Amino acid sequence: MMRFLTCLLLCFVMNSALIANELTRVDEDGLITIIPPEVPEAFRNPSTSEFEADFRRRYNLLLNSWTRNEDGSWNRVDQRRFFESEKWSYPHAMLHVLAGNVEGGMRVLQLPDQPQNPRDHDHTLGIDLWAAFTLKGQVRKFFQFRHLMEAEYRERMTRAIDLWTQSHPRHTPHPIYERYNPREQGWGPNRFGNRQLDGRRTDNLFAMSTAAVYLFAEYSGNEETRQRAKSEILGYVWALYNIGHGEWDSTAYHHHVFAPYLGLYDFAQDPEVRMAAKLALDHFSTAIALKSHRTTFAGASKRDYHPTSIQGGEAMRVFWMYFGGPDEIMQREHTQLFVMASGYRPPPAVLALANREIDLPVEIRATKPTYENWHEGRSDRPRNFETLMLGRTYTAGSVVSPGPDGDLHPFRIVFDRGETATNTLTINSEPFMQRKHAGDQVAQRENVMVWLRETKERPFRFLLAEGGAWEQKDGVWFLEGDDTWFALRLLNLGDLVETPLDQREARRFPNMVSWLAEPGEGPVTGFALEIGERGDFDSFEAFVRAVHAADGLVPDAENVNRFSYTSTDGRVLTVERNTENDLPIIHEDGVLRDWDDPAEWALWRTMGDREPVISLGWKEGDLDVRAGGHHFQARFRLEDFAGTEVRREDLERERNLRLNRESGFENLEMKD
177 MMRFLTCLLL CFVMNSALIA NELTRVDEDG LITIIPPEVP EAFRNPSTSE
227 FEADFRRRYN LLLNSWTRNE DGSWNRVDQR RFFESEKWSY PHAMLHVLAG
277 NVEGGMRVLQ LPDQPQNPRD HDHTLGIDLW AAFTLKGQVR KFFQFRHLME
327 AEYRERMTRA IDLWTQSHPR HTPHPIYERY NPREQGWGPN RFGNRQLDGR
377 RTDNLFAMST AAVYLFAEYS GNEETRQRAK SEILGYVWAL YNIGHGEWDS
427 TAYHHHVFAP YLGLYDFAQD PEVRMAAKLA LDHFSTAIAL KSHRTTFAGA
477 SKRDYHPTSI QGGEAMRVFW MYFGGPDEIM QREHTQLFVM ASGYRPPPAV
527 LALANREIDL PVEIRATKPT YENWHEGRSD RPRNFETLML GRTYTAGSVV
577 SPGPDGDLHP FRIVFDRGET ATNTLTINSE PFMQRKHAGD QVAQRENVMV
627 WLRETKERPF RFLLAEGGAW EQKDGVWFLE GDDTWFALRL LNLGDLVETP
677 LDQREARRFP NMVSWLAEPG EGPVTGFALE IGERGDFDSF EAFVRAVHAA
727 DGLVPDAENV NRFSYTSTDG RVLTVERNTE NDLPIIHEDG VLRDWDDPAE
777 WALWRTMGDR EPVISLGWKE GDLDVRAGGH HFQARFRLED FAGTEVRRED
827 LERERNLRLN RESGFENLEM KD
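Note that the numbering used here has the sequence shown beginning at 177, numbered continuously upward.
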């Protein structure tokens, strides 16, 4: 730590201009303080001096890690510039500027962009305003670091964004290529010449491009383009609060949709857009707080490419900056730059939720929309139904949907290990752990899960990120954590067998162990899993005795697809494999779960007879979070409109809503 502080003090001496550059200052304790863009009080969530001190300490650790060699010298600034490679180089250069290497960082930020084809950016004076990941960096580079640019570059970039936003670039042909060319490959303008930016509609790319169009149009005074981009932004945030996030809780992309809204929050001048950005950020923060167990990702997720990752992909590396956790789990991700440079802070209730400052255990049920929810009819009803159990020592989550999902990880449990660490139990049927396979049907009620599927030549894999051994006791398999215990009853499966990881996984995750259970010959295969923890049982041995004393998993005498599980406390979960779609037929203590009941469609709801931790109704727009003695409320409305008609792809399909330029929604309310 002393060497770290000495480096920072030397940095201060060598770069005294930092005090005057409007970005940072170095305090007497030797730590850098980043000065974020000024945001009016009405748009800020409450914060505390304790939170700010911890937040500053964490970003100082990251700044040092990103920019310094072991001897304290500056490391080399990333200079990748081809296509969207600025997704790495721009944040790295801005991290260098904030850390004190102003000259080195600004030099890279002003290097010529490297197009895929020589004339791709001629119409924007050589400035890359095409690739979405580049636009994500261009926004903060221009609005927060513009005063450090050389005059010629600043003037050229200013002129480029004015030219680019004369009309909405998503709906304006490229001047060189002019139309879509199906013979070309890749994502550049040579293929998509019918537009002037990367128009792919994944949530994160759409956020990057739309935020850039809006902010640059607002700065340039191109009002028609600004209004159309505003419509897109309001329509997107309406969807968040009414039907949900299509790219929901993605371990790979949640932070990439978060960062562009940080830019809107920091730099938009229109108060409606700034408030919409804040509401989006509050929603995104709430979603990830629910899944954060000791800053490890728990539960199901869309667009999940890291099912075996200890922290659940890059998203938690970014939200670690807000939620905290041991410094030992700190890992780098370029999007951390956008968090540390922004003035946004999550609501205190959301921070408390992330740190489980609530009465535990509690069950939360949620729904998620069809991914491409902007298409006609896709907002009629939810697609995914999720259950999340927040225990004292674990968080367990699963999801069901009518059919398969190619990039959805359906089942993940995170449980305590030691004083601050975690272990992760990930379960899926093979192949491809990050896929919701056709025929897989999971029923979860609090701490009990029953997974059924038609028997196929497809084993189940049980992955433990930090090791662990299953042990069979009188026909039931048990896993003993520190204070979290698992009882597994296999259905038409062979014994669990520890199997080696492939070489790549073994190198990346040296502590991980994998167990396989091969299918048998019966018509249905699967398992029942019950989780016990200290607080409900005095010891692991007491949990084992209770499991053996309960009825466990019992097949129905008349229906080969129907099974009942009686838990250690007498609750009965009856599950029938649905042969028409993948939504299982579930009875909880004899009461049917009706997937067509609007009560089941709530985006978030707290189960049980208790004060709600979180609620957000289907197409109601009222978010309510209570944790740590804090109460956060946010409301989003689009009604009673007159004026410019909103484009159909920007808002709900079955209602012909209109955008009011003056007020698109009611202000949020905060109680603290």
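Where a beta carbon is used, it is the ideal one built from N, C-alpha and C, also for glycine.
Please read all numbers here as calculations on a predicted model, not as lab measurements.
| Check | Outcome |
| --- | --- |
| Answer with buried or exposed for Asp785, where buried requires no fewer than 16 other C-beta atoms within 10 angstroms of its C-beta. | exposed |
| Pull up the distance between the alpha-carbon of Asp727 and that of Met625, whole angstroms please. | 15 Å |
| In chain order, what residues of the same chain lie with their CB nearer than 7 Å to the CB of Asp503, ignoring the 5 residues before and after it? | Leu237 |
| State the beta-bridge partners of Met625 as determined by DSSP. | Gln620, Leu705 |
| State buried or exposed for Val801, treating a residue as buried only when at least 16 other CB atoms are found within 10 Å of its CB. | buried |
| Does the distance from the C-beta atom of Glu539 to that of Met565 stay below 9 Å? | yes |
| How would you call Arg824, buried or exposed, if buried means at least 16 neighbouring beta carbons within 10 angstroms? | Because Arg824 carries a pLDDT of 45, less than 50, the predicted location of this residue cannot be relied on, and the following value inherits that uncertainty. Label assigned to Arg824: exposed. |
| My parser needs the alpha helix (DSSP H) runs of 4 or more residues fully inside the segment 713-769; what are they? | 716-725 |
| Once the 5 residues before and after His459 are set aside, which same chain residues still bring their CB inside 6 Å of it? | Leu416 |
| Among Leu285, Pro291, Pro345, whose alpha-carbon lies nearest the alpha-carbon of Phe318? | Leu285 |
| Compare the C-alpha of Tyr429 against each of Glu360, Arg493, Val652 and name the closest. | Arg493 |
| Taking only runs of the alpha helix (DSSP H) that begin and end inside the segment 676-702, which ones reach a length of at least 4 residues, in chain order? | 679-684 |
| Apart from the five residues on each side of it in sequence, which residues of its chain come closer than 7 Å, Cβ to Cβ, to Phe808? | Pro523, Ala525, Val526, Val801, Met846 |
| Whose CA, out of Met516, Ala327, Phe561, lies closest to the CA of Asp773? | Phe561 |
| Closest to Leu239 by CA distance: which of Val202, Ser225, Leu271, Arg256 is it? | Leu271 |
| Can you give the beta carbon distance from Arg371 to Pro345, rounded, assuming they're within the 8 Å contact cut? | 7 Å |
| Expressed to the nearest angstrom, what Euclidean distance is found between the alpha-carbon atoms of Leu553 and His268? | One point to set straight first is that residue 553 is Gly, not Leu, in the sequence displayed. The alpha-carbon atoms of Gly553 and His268 are separated by roughly 42 Å. |
| Pick from Lys312, Ala387, Val689: whose alpha carbon is nearest that of Leu513? | Lys312 |
| For Val789, which three-state DSSP category applies? | coil |
| Straight-line CA distance for Leu628 to Asp712? | 27 Å |
| Can you look up Asp230 in the DSSP assignment and give me helix, strand or coil? | helix |
| Have a look at the DSSP bridge pairing and note the partners of Val202. | Ile208 |
| When the Cα atoms are used, what is the spatial distance from Met688 to Asp338? | 52 Å |
| Can you tell me the Cβ-Cβ gap for Pro447 and Ala383, rounded? I've got them flagged as a contact below 8 Å. | Rounded, the Cβ-Cβ distance is 20 Å, inconsistent with contact. |
| Write down the C-beta distance between Gln320 and Pro213 rounded to the nearest angstrom, noting that I regard them as a contact closer than 8 Å. | 6 Å |
| Return the bridge partner residues of Trp653 from the DSSP annotation. | Gln648, Leu664 |
| Does the Cβ of Ser225 have 16 or more other Cβ atoms within 10 Å, making it buried, or fewer, making it exposed? | exposed |
| If we count the other Cβ atoms within 10 Å of its Cβ and call it buried at 16 or more, is Leu768 buried or exposed? | exposed |
| Run through DSSP, which three-state label would Arg593 get? | strand |
| Taking contact to mean 3 or more Cβ pairs, one atom from each stretch, closer than 8 Å, check whether the segment 275-295 and the segment 251-261 are in contact. | yes |
| Give me the Cα-Cα distance between Glu674 and Leu692, rounded to the nearest whole angstrom. | 6 Å |
| Opposite Gly411 in the DSSP bridges: which residues? | DSSP, once it has assigned bridges, lists no residue as partnering Gly411. |
| Alpha carbon to alpha carbon, what distance is there between Arg232 and Ala307? | 31 Å |
| Between the Cα of Gln445 and those of Gly475, Gly422, Gln403, spot the shortest distance and give me the residue it belongs to. | Gln403 |
| Mapping the DSSP letters down to three states, classify His432 as helix, strand or coil. | helix |
| Residues in its own chain within less than 6 Å of Gly657 by CB, not counting five upstream and five downstream? | Phe591 |
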